[in-house]
Each structure stands twice: as structure tokens, then as C-alpha cells.
Amino acid sequence: MPKTIFFLTIALAFLAGSVASQERHSIFDELLQEGLAVDVEIEAAMMELVENRRLDEPVPARFTFEDSEGHEQSFSIKLEQRGKYRRRICDFPPLSLNFSKSELQQLGFYPKYDKLKLVTHCLDDKEEGQELLLKEYLAYELYRELTGQSYRVQLARVTYIDVNGEMNKARRYGFIIEDTDEMAHRLGGTECEDCVNPPDSLLEASSENLMSVFQYMIGNTDWSIQMARNIKAVSQKNGGKLIPVPYDFDFSGFVDAPYALPSADYGQLSVKQRVFLGKPASRATLEETLRLVYAKKERLLERVWAFKPLSADARRACQDYLETFFLEAEQILMKTGPYLDSPLLQQPGQLRPQGVIPAGESPAGK
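Residue numbers for the sequence shown, in this note's numbering: 210 to 575.
Here it is, written out as C-alpha cells:
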């Protein structure tokens with residue numbers, strides 16, 4: 210009997226350790242405060258980062274935030290500039306937050322997911338820079354409303370402190386994007402890192418169509434599954450198909466950034482003109498997707514209006530832009546108006562023609 214009790218005790222201890230390991234959460238989970246902005250402080254040689262856009266070496270930094278229980282947590286991290294276009298043209302570059310795996314492990318966090326992206330304010334003009342960033346954050350949140358096959362994001366109020374005293378302390382909105390490996394794990398797969406120009410047969414059709422319709426809804430042409438541009442492909446386990454997960458929406462008509470350029474390839478005169486870039490889909494597949502999105506119309510518009518960090522004028526403009534899409538979707542589903550002219554029913558890459566409500570105008574013509 211004593212031996213039995215001994216081995217049972219060992220087994221229970223092993224099981225408890227295993228469960229504890231499984232219950233460990235990521236640093237992004239710790240940062241996540243849905244519906245709220247987390248307060249973050251970053252101390253580093255900020256002037257060096259801002260002034261030297263060719264700097265590829267990581268810069269040591271201290272990353273501090275207040276968690277959901279009001280406790281301050283602080284980490285030694287490495288800051289890196291990231292991106293290409295925004296890194297070159299923005300007043301303030303986008304950043305990568307690289308945590309120490311050993312420190313995460315020591316503090317009880319899952320160490321594998323140690324790389325987060327910080328989307329920064331880009332423009333020094335505080336009002337305009339904030340508005341553009343908040344609209345892009347909102348685009349991520351709208352996609353989350355439509356599908357869990359998406360990145361999680363966390364809004365943040367970031368205070369930047371230059372440790373050398375060469376730059377004044379600055380406080381700006383930013384948002385943090387979860388580690389790609391963590392996102393892929395949530396979706397039951399892994400990132401496919403060499404998935405350039407995947408055959409259509411490997412794509413999960415309904416996921417691809419929903420993603421493409423969403424990109425059309427927000428007026429974004431800055432993406433490509435074929436070129437793996439602003440799309441991560443998640444390879445599902447057990448031979449499942451690829452799930453495309455989009456990111457980077459600052460070139461969309463919904464955000465309407467002053468640095469976003471219309472696509473000459475598609476004949477755009479404005480980024481607010483919608484172009485459908487999805488794979489050709491059956492009418493049944495398209496209508497199923499449109500019904501799913503249209504069913505959430507009020508919820509999506511409500512999310513926009515309830516997002517008070519944005520000014521009322523900006524929220525109203527975002528709502529008006531989405532309304533033009535919903536009218537187009539309604540015309541297709543009800544088979545009314547000039548619905549046959551919709552690019553959603555044409556070959557990919559066509560502009561929305563005359564006869565359908567012009568992109569960027571509300572149904573009431575405001």
C-alpha cells in the first residue's frame with residue numbers, strides 16, 4: 210500500500226506540473242484588455258531609432274505596462290525597426306518588440322511567443338497621426354467581428370522615453386499585434402513561411418472569400434495571396450487547407466491615409482475606390498459570405514460609432530464608407546438596382562463602375 214501511495218503521489222505531481230504548463234499564457238494574453246487601452250512605457254535610445262532608418266540592429270529597451278489588475282509589469286526587451294514603406298516614409302517607424310524567452314519562462318509565460326509588433330503613430334501631427342492609427346486598429350477589430358481567423362490586437366497608450374535625454378517624452382496611441390506563431394496555433398496550425406503563389410486547391414475557399422470580401426469592404430488593394438503580401442497563410446494540421454489571415458490596412462479607403470497611393474495597376478484614382486481582388490467564387494459561395502457579413506451590419510456600424518477615441522467626424526466618415534458596401538451587398542442579395550455591375554460579380558481586379566453608388570459616398574449622398 211505505501212508503494213502504491215508513493216507512485217500515486219508522483220503521478221499526481223507530474224500531472225499537476227503538466228496542467229500548470231498547459232495553463233501558462235503568453236505575454237500577449239497578459240497585455241490583452243479587450244475594450245480598453247493598456248498603458249505602456251518604453252525606455253530606449255529613441256532618438257537613435259527615429260533618426261537612423263537604416264539601423265537594423267536591435268536596441269535594448271525597458272517595456273513596462275499596467276496589467277488588468279492594476280499591477281505594473283516590466284521586461285527587458287529588444288526594439289527593432291520593421292516594415293519597408295512605413296519605415297521609410299513615417300515620421301516615427303513601426304517597431305518590433307522582442308522579449309527574452311528566458312525571462313518569459315522565468316516569469317511563468319509561454320516563451321515561444323516572444324515577438325510582438327507595435328504599430329506606431331507614423332505622423333508627428335498628433336491629431337492626424339492618432340486618427341489614422343485608430344482607424345487601422347478599428348479595421349482589425351471589424352475583421353475580428355467577422356471571424357476568429359484573424360490577428361488579435363491590443364490598443365495601447367504608449368509613452369516613449371529617450372534614455373539619453375535627446376528626445377522629449379512623447380505619449381501616443383499605438384496598438385500591439387500578437388505573435389504570428391501564436392495566431393497560427395490558435396487556428397490549429399502553423400505559419401506556412403514558403404507559401405508564395407499557392408494553388409487555389411490548397412486554399413480554404415470560404416475563408417479566402419470572406420477575407421477578400423472584407424478587403425473589398427474596407428477598400429484595400431495592398432495585399433496579395435500569390436505574393437504573400439500583407440497575408441499570412443496558416444497551414445492547418447492533418448493536411449488541412451491554407452487559411453489566409455490579413456494584416457496592414459493603412460492603404461485602405463477606410464483608413465484613407467495621406468501617404469497611401471492609388472493602385473495604377475487597377476486604374477484607381479483614389480484609394481477609396483473599391484477593387485475586388487479575391488479568387489473567382491461561385492455565386493452561392495459569394496452570397497453565403499455576403500449574408501454572413503450583412504447579418505453583422507448593425508454590429509459593425511455600432512462598433513465604429515462606439516469607438517470614442519476617434520472623433521465623431523471620423524467615425525461618421527467610416528460609417529458612411531461602410532454603408533456604401535452594405536448597399537452594394539444588399540443589391541446583390543436582393544437582386545435589385547445595378548447589382549450585376551458590382552466587381553464582386555466580375556473578374557477580379559475591376560473597379561466599381563458607374564451606376565453603383567460611387568466609392569466613399571453614403572447612400573444619402575452626403
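For every residue, glycine included, the Cβ atom is placed at its ideal position computed from N, Cα and C.
For the pair Glu337 and Glu537, the Cα-to-Cα distance works out to about 30 Å. The stretch 456-469 makes contact with the stretch 345-364: 3 or more CB pairs, one atom from each, lie closer than 8 Å. By the CB criterion at 9 Å, Leu351 and Ala523 fall outside the cutoff. Assignment of Phe423 by DSSP, reduced to helix, strand and coil, places it in the helix class. At a cut-off of 4 residues, the continuous stretches assigned as alpha helix (DSSP H) that sit fully inside the stretch 502-560 are 506-515 and 521-543. For Gln339, the three-state secondary structure derived from DSSP is helix.
Residue environment analysis places Ile298 among the exposed positions, since fewer than 16 neighbouring C-beta atoms fall within 10 angstroms of its C-beta. Linking Glu417 to Asn377 through their CA atoms gives a straight-line distance of about 45 Å. By the Cβ neighbour-count rule, Met426 is buried, with 16 or more other Cβ atoms within 10 Å of its own.
Under the three-state reduction of DSSP output, Ser410 falls in the helix class. By the CB criterion at 9 Å, Tyr503 and Phe460 fall outside the cutoff. Contact between the stretch 385-393 and the stretch 319-335 is present: three or more C-beta pairs spanning the two stretches fall below 8 Å. For Cys404, the closest of Met420, Leu240, Ser433 and Arg381 by C-alpha to C-alpha distance is Ser433. For Tyr468, the CB contacts under 6 Å within the same chain, skipping 5 residues up- and downstream, are Ile298 in chain order.
The residue among Leu364, Ala466, Ala348 and Cys401 with its C-alpha nearest the C-alpha of Met420 is Ala348.
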